[in-house]
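**Q**
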Amino acid sequence: MMSDLTTPRVQEAYRQIYEIIRDKYLIPIDDYVYQNQLDLATVTGFLLEPDTIIVYIGRTHIAIEFMGPERIKELHPSAPVDFRFKDLTSPDMNFMEEIIGFAFDGTVDFDFELPCFCEDLVLPTNKGHDKLEELGWNFAAQSMVIGFNIRALSVPENNHVRLINSFFFDSNDNGLITRHIKWIDFIPLNIIKDDDEVKELAIHFEIYRDELIENDANYIYPMPDKEDYKYAKLPIINRFIELAGNKETSEPTITKFLSLVENQFILSMAFLARSVHYQLSCEWQSEEKKALEPDFFVVHTNGYADIVEFKLPDLKSSPITGRANRETFSAEINSYISQTRVYSSYFDDPNNRNWFEGKYGFKVHHPKRILVVGRRSDFSNEEWREIVSDYRDIEIITYDDLVSGITAQFYM
Numbered sequence: 005m006m007s008d009l010t011t012p013r014v015q016e017a018y019r020q021i022y023e024i025i026r027d028k029y030l031i032p033i034d035d036y037v038y039q040n041q042l043d044l045a046t047v048t049g050f051l052l053e054p055d056t057i058i059v060y061i062g063r064t065h066i067a068i069e070f071m072g073p074e075r076i077k078e079l080h081p082s083a084p085v086d087f088r089f090k091d092l093t094s095p096d097m098n099f100m101e102e103i104i105g106f107a108f109d110g111t112v113d114f115d116f117e118l119p120c121f122c123e124d125l126v127l128p129t130n131k132g133h134d135k136l137e138e139l140g141w142n143f144a145a146q147s148m149v150i151g152f153n154i155r156a157l158s159v160p161e162n163n164h165v166r167l168i169n170s171f172f173f174d175s176n177d178n179g180l181i182t183r184h185i186k187w188i189d190f191i192p193l194n195i196i197k198d199d200d201e202v203k204e205l206a207i208h209f210e211i212y213r214d215e216l217i218e219n220d221a222n223y224i225y226p227m228p229d230k231e232d233y234k235y236a237k238l239p240i241i242n243r244f245i246e247l248a249g250n251k252e253t254s255e256p257t258i259t260k261f262l263s264l265v266e267n268q269f270i271l272s273m274a275f276l277a278r279s280v281h282y283q284l285s286c287e288w289q290s291e292e293k294k295a296l297e298p299d300f301f302v303v304h305t306n307g308y309a310d311i312v313e314f315k316l317p318d319l320k321s322s323p324i325t326g327r328a329n330r331e332t333f334s335a336e337i338n339s340y341i342s343q344t345r346v347y348s349s350y351f352d353d354p355n356n357r358n359w360f361e362g363k364y365g366f367k368v369h370h371p372k373r374i375l376v377v378g379r380r381s382d383f384s385n386e387e388w389r390e391i392v393s394d395y396r397d398i399e400i401i402t403y404d405d406l407v408s409g410i411t412a413q414f415y416m
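Heads up, the sequence shown is in the working numbering, so the first residue is 5 and it goes up one at a time.
#1: Is the beta carbon of SER334 sitting closer than 9 Å to the one on ILE324?
#2: Grouping DSSP H, G and I as helix and E and B as strand, with all else coil, what is ARG379?
#3: Taking the alpha-carbon of TYR105 as reference, which of VAL112, THR111, LYS90, PHE114 has the nearest alpha-carbon?
#4: Can you give me the C-alpha to C-alpha distance between LYS197 and HIS65, rounded to a whole angstrom?
#5: If you draw a straight line from the C-alpha of VAL368 to the C-alpha of GLY378, how long is it?
#6: Any heavy atom of the ligand SAM closer than 8 Å to the Cβ of SER170?
#7: Comparing C-alpha positions only, which one of TYR395, LEU157, ASP318 sits nearest to SER417?
#8: On the DSSP letters alone, give me the boundaries of the beta strand (DSSP E) that GLY479 sits inside.
#9: Per the contact definition of three or more C-beta pairs closer than 8 Å, is the segment 98 to 115 in contact with the segment 216 to 228?
#10: Ignoring anything shorter than 3 residues or poking outside the segment 192 to 266, list the beta strand (DSSP E) runs there in chain order.
#11: Any idea which residues DSSP pairs GLY179 with across the strands?
#12: Suppose the cutoff is 6 Å on Cβ atoms and the five residues either side in sequence are ignored; what does the same chain contact list for GLU69 look like?
#13: How is ALA309 classed by DSSP in three states: helix, strand or coil?
#14: Report the rounded CA-to-CA distance for ILE398 versus LYS131, giving the unit in angstroms.
#15: Could you give the residue range of the alpha helix (DSSP H) that holds THR344?
#16: Please list, in chain order, all residues of the same chain as ILE181 whose beta carbon is under 8 Å from its beta carbon, the five residues on each side excluded.
#17: Kindly indicate which residue of ILE410, PHE366, ASN169 has the alpha-carbon position closest to the one of LEU284.
#18: When you compare the CB positions of LEU139 and ILE245, do they come within less than 9 Å of one another, or not?
#19: Tell me which residue opens and which closes the beta strand (DSSP E) that ALA67 is part of.
#20: Can you name the residues that DSSP bridges to PHE366?
#21: Assuming contact is defined by CB atoms lying nearer than 9 Å, are PHE4 and ILE154 in contact in what I supplied?
#22: Quick one: grab the DSSP three-state call for PHE87.
#23: Compare the C-alpha of ILE185 against each of PHE383, GLU74, GLN268, TYR22 and name the closest.
#24: How long is the line joining the alpha carbons of PHE360 and CYS286, rounded to whole angstroms?
#25: Could you check the C-alpha separation between LEU406 and ILE24 for me, to the nearest Å?
#26: Please state whether the Cβ-Cβ distance between GLY362 and THR253 is less than 9 Å.
#27: On the premise that TYR350 lies in contact with ASN358, defined as a C-beta separation below 8 Å, what is that separation, rounded to the nearest angstrom?
#28: Is the segment 267 to 282 in contact with the segment 292 to 308, if contact means three or more CB pairs nearer than 8 Å?
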């Protein structure tokens, strides 16, 4: 870090940068939308009401990243904005790698120079590309400009550069790493010094002209076409693959993602369900016990529901143990199965069944307990199918099987 960028002079420059972005860009966009009575449903939401704005200070550019909802239904004039500054001026820092969060590992002898405008850019590291292929990420699922074998990224000097809806992927021991940049502007910068002390940050904010305000207010942020069901859903499946591909992702994060209304089609298609219900409380009627909360109920066309329980895709050990002809599930898998067994016990009681149906409006009796866990490679032989057949009303499917089964339906 350059210590002189923490001086009062520079802190004042930060304040001025904030005010320029607010007064010369964000407020004029709001005014343009209001004066021209634009439909909020078509305006980029995070330009009207950003949740967070991060300003990265580099040696040749500042980068302004906008975060927030792609669409908003109404304006909230007093909504707070989290405004942050990051000093990336140190000579040993790679500006783009610091912004993205990881380094590229390509073998070519030149850098990838960012175009002045690009939307739907997808740039994986080589390790990231291998992991995407391993996880079954669908490269045909969305419109994109994709690059391979990238050594490093550079921003052309003295140029305003804009990236919109861009994805960057890497991989480490924890699995897939995803960086999504919804909107970032790179604006040329000159750092004016005197005896190695920063005197002024000369930023080319003249890009904030009326033409840019009009363009950005009318810009349609790239979203899947809701009229094309296939291409609206396949990118969401990719997001699910990315989420499940990182070992740091928790079970609640996975189930919360699947519970969102726009994502429930994943379970509906996977289990041929007419509706999906997330973490319904199952209160005991005949006994004093703590209420149960299965991850999901998937209701079929006959009005009866099965139970879907999610565990992590990465197992701690082999799911099958024991000698030949004496194989059994590991303690880890057996503990997951035991957890679902209490769900069957709950619905064996007619008092519980009647209370549940009266409260939630659908039936559950002898439900199939579907356990989503592990990867296809964990269950590569037929032994586990023989073992699972010894369990009543239990089905085990892997994350790979779940994704493959859904994706295949789009191509039938």
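C-beta: ideal position from N, C-alpha, C; glycine also.
**A** Looking at the coordinates:
#1: yes
#2: coil
#3: For the sequence presented, residue 105 should be read as Gly rather than Tyr. The option with the nearest alpha carbon to GLY105 is LYS90.
#4: 16 Å
#5: 26 Å
#6: Of the ligands one can find in the structure shown there are none, so the ligand SAM has no counterpart to examine.
#7: In the structure as shown, the chain begins at 5 and stops at 416. Residue 417 is therefore absent and cannot be evaluated.
#8: One cannot answer for residue 479 here, as it falls past the ends of the chain, which runs 5 to 416.
#9: no
#10: 201 to 207
#11: ASN176, ASN250
#12: ILE58, ILE188
#13: strand
#14: 36 Å
#15: 335 to 352
#16: GLY105, PHE106, GLY132, PHE173, ASP174, SER175, ASN250
#17: PHE366
#18: yes
#19: 65 to 71
#20: Answer is none; PHE366 lacks a bridge partner.
#21: Beyond the ends of the chain as shown, which are 5 and 416, falls residue 4; an answer cannot be given.
#22: strand
#23: GLU74
#24: 7 Å
#25: 49 Å
#26: no
#27: No, ASN358 and TYR350 are not in contact; Cβ-Cβ is about 12 Å, not under 8 Å.
#28: yes
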